[in-house]
Amino acid sequence: MNGAAPPAIAGRRGGCQQRVSGGRRSPVRPAPVPPPMAAGRRAPPEPGGGPVLLQGIFGAGATPGAASCSLVLTARELQVRRPPGSSGGSPGPDAALRLADCVGSVAFPAAAAAACFSVVCYPLRGPRWGSPARQRLERTFRVCLGPDAEGNLRIAQAWSRRIRELSVPAVPTQDGDSYGVLPRPCRALVLLNPQSGTGRALEDFQAVVQPMLAEADIATTVFITERPHHAHEKVRDEDLSQWDTLVVMAGDGLLYEVVNGLMERPDWEETMKKPLCILPGGSGNALAASINHYAGNDHVAKKKLLTNCTFILCKGLHTQMDLVSLSTASGKRLFSFLGFGWGFISDVDIDSEKYRWLGNARFTLGTLQCLAKLRVYQGRLSYLPAVPEQGSLPALRDPHAPVTNGQAGRILPPAGTEAPGALPTDSLLVPLCQPVPAHWTVVPEEEFVSVYAIYQSHLGTNLLMAPAAQLHDGCIHLFYLKAGISRVALLKIFLAMARGTHLDLNCPHLRYVPVRAFRLEPRAATGIMTVDGEVLACEPVQGQIHSRLCRVLSGS
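Counting from 1 along the sequence shown, just add 181 to a position and that's the residue number in my numbering.
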């Protein structure tokens with residue numbers, strides 16, 4: 182059946198009556214004509230805020246003799262009601278299944294020549310305390326018009342197909358062509374690290390993720406990593422055309438491997454159009470927490486966060502995401518989706534690795550230990566503000582001056598003239614051996630407790646570091662803590678960061694500035710540097726934002 186089926190008319194218990202296009206027809210009566218409205222009276226509102234697309238009376242369950250219910254389908258919801266004039270055996274109070282919560286619907290034959298269609302939704306339900314969480318809700322409806330099994334199945338298939346079509350998220354139009362939706366059926370390559378976090382990634386995938394993906398008609402190929410850089414090599418060398426999306430079930434470190442493996446491919450420009458998805462299976466899960474935040478969901482953790490992120494994958498809406506290109510003095514060039522750090526925050530991240538079995542609680546323990554031995558690091562920090570600062574000089578840089586690509590001795594061509602397959606040009610940066618351009622800002626202080634450049638909202642599941650950040654805002658959110666801060670003040674900052682209110686403390690040692698590029702030059706190779714949670718050798722490094730360089734599954 183193509184398009185919306187004509188409305189059904191009054192039916193009998195456990196079945197339905199509806200016009201069916203094609204094949205044999207069941208007897209139908211003309212739909213009753215409503216009485217004319219009195220002058221000046223407003224017509225009753227349409228259910229769900231939109232026109233009725235399908236309606237009928239069905240059995241409220243898969244078993245014969247189930248109580249009947251009236252279904253009304255609009256563009257936004259499936260309404261379940263007691264049929265007019267029904268007596269006894271009602272299916273309960275009226276309910277509405279929001280199609281925005283629906284991940285799948287399927288039709289299937291049933292006993293006694295009947296057919297059924299089921300609808301699976303994950304609505305947000307709030308507990309008495311804590312944040313709302315998505316919980317599975319499945320409703321099955323029985324179609325039985327008598328001995329015509331084929332006709333019954335056609336009706337069930339028509340409803341199921343229409344529900345699936347209406348459940349596809351609308352692609353936003355206010356942001357050009359940056360949004361898209363995964364196809365159905367969908368094929369996903371899942372890269373899973375069984376050692377991530379507390380070591381439960383594979384178990385959680387099988388218990389939580391796989392059933393939801395099956396309901397959403399997403400077929401998976403699971404690749405289990407066995408060593409460091411295994412995922413990097415897989416996505417760098419594999420023919421990825423057989424999959425519609427790449428899913429990472431691990432911590433942020435595995436997605437860092439995947440991003441850099443993809444950027445090493447000769448066809449990286451085309452491959453980076455394939456949407457990536459992060460499912461939280463690690464300790465920090467910063468990107469997963471950020472995407473959950475961007476989707477407008479309340480803060481959740483553990484399996485609630487995993488369910489939310491899997492639901493986002495099931496709905497299939499994806500958009501573009503910024504990446505940051507990092508160049509080091511030793512000639513490395515890396516691509517980062519989360520953040521670069523030096524000092525206290527990186528110390529906590531790496532020093533707490535030995536407590537990985539604690540999950541996210543490892544960071545609390547690591548913070549307390551690093552506070553006890555608070556260090557100060559010396560270096561020079563420079564940046565290019567996203568918005569020119571008061572009193573700053575205009576850009577004076579010669580556009581024809583050579584620019585390094587973060588690879589020793591390599592000079593890049595002017596922007597827009599790169600050879601096919603060449604990596605994007607770091608057009609805002611000059612070689613690390615040269616001073617920063619005159620229109621950059623050089624921080625006068627050279628003693629820091631911590632420097633962190635973040636491009637997502639969350640530093641960890643419970644740390645809302647940059648509340649204003651977005652997936653493609655073209656901005657690096659640079660935070661630095663100057664030396665002289667007390668342990669108590671530092672602890673207060675991290676406690677407030679759980680709510681994203683740390684800047685409201687107006688701590689004189691904490692500075693925040695949105696930038697487009699930065700450079701950090703340590704005086705000595707001391708302290709831990711990290712990129713997306715992975716250790717980096719301590720040396721001069723600089724980076725710049727590259728807008729909308731990859732795609733990621735998002736909830737909005």
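Glycine is no exception: its CB is placed at the ideal position from the N, C-alpha and C atoms.
Our two residues, Ser-312 and Asn-333, have alpha carbons roughly 42 Å apart in a direct line. In the same chain as Thr-244, and ignoring 5 residues on each side of it, the C-beta atoms closer than 8 Å to its own belong to Arg-323, in chain order. A contact is defined here as three or more CB-CB pairs under 8 Å, and the segment 629–645 meets this definition with respect to the segment 672–683. Closest option to Cys-731, judged by alpha-carbon separation, among Tyr-437, His-410, Arg-279: Tyr-437.
For Pro-392, the uninterrupted alpha helix (DSSP H) run begins and ends at 391–396, by DSSP. With a 10 Å radius around the Cβ and a threshold of 16 neighbouring Cβ atoms, Gln-615 comes out exposed. A buried status is given to Gln-725, since no fewer than 16 other beta-carbon atoms sit within 10 Å of its beta-carbon. Only buried fits Gly-285, as 16 or more other CB atoms lie within 10 angstroms of its CB.
In this structure, DSSP gives Ser-608 a state outside helix and strand, which the three-state scheme calls coil. By the neighbour-count criterion, in which a residue is buried when 16 or more other Cβ atoms sit within 10 angstroms of its Cβ, Leu-394 is buried.
Residue state for Ala-647 is assigned as coil, using DSSP reduced to three classes. Ser-348 places its beta carbon less than 8 Å from that of Leu-280. When DSSP reads this structure, Gln-501 sits in a beta bridge with Arg-732.
Shown here for Pro-605: same chain residues with a beta carbon closer than 6 Å to its own, the five before and five after excluded, namely His-727 in chain order.
A distance of 8 Å or more separates the beta carbons of Cys-283 and Gly-497. Where Lys-673 is concerned, the enclosing alpha helix (DSSP H) starts and stops at 668–678. Tyr-693 and Cys-250 have their C-alpha atoms roughly 58 Å apart.
Gly-560 and Asp-528 have their alpha carbons spaced roughly 16 Å apart. Around the beta-carbon of Asn-489, 16 or more other beta-carbon atoms lie within 10 Å, marking it buried.
Counting only unbroken stretches of 3 or more residues, the beta strand (DSSP E) elements lying wholly within the segment 457–539 are 457–461, 498–509, 514–517, 520–524, in sequence order. Contact check for Tyr-558 against Gly-524 passes: the beta carbons are separated by less than 8 Å. Relative to the Cα of Ser-341, the nearest Cα in the group Ala-296, Gly-327, Asp-418 belongs to Ala-296.
One Cα belongs to Glu-451, the other to Leu-421, and the distance between them is close to 11 Å. Using a Cβ distance threshold of 8 Å, Val-416 and Val-371 do not count as a contacting pair.
The beta-bridge partner set that DSSP reports for Thr-321 consists of Ser-299. Residue range 330–348 is occupied by the alpha helix (DSSP H) that includes Ser-348. Across the structure, Ala-567 and Gly-665 are spaced so that their CA atoms are roughly 27 Å apart. Beta-bridge partners assigned by DSSP to Pro-695: His-658.
Assigned with DSSP and collapsed to three states, Leu-552 falls in helix. Shown here for Ile-526: same chain residues with a beta carbon closer than 6 Å to its own, the five before and five after excluded, namely Ser-631, Tyr-633 in chain order.
Of Pro-447, His-413, Cys-719, Arg-704, the smallest CA-CA separation from Gly-602 is found for Pro-447. Residue burial is scored here from C-beta neighbours: Gln-423 has fewer than 16 other C-beta atoms within 10 angstroms and is therefore classed as exposed. Within the same chain, Cβ atoms closer than 6 Å to the Cβ of Ser-359 are found at Thr-500, Gln-501, the five residues on either side in sequence being excluded.
Rounded to the nearest angstrom, the Cβ distance from Met-430 to Gly-380 is 13 Å, too far for a contact under 8 Å.
The beta carbon of Asp-532 lies closer than 6 Å to those of Gly-547 in the same chain, with the five residues before and after it left out. When beta bridges are read from the DSSP output, Thr-452 appears opposite no residue.
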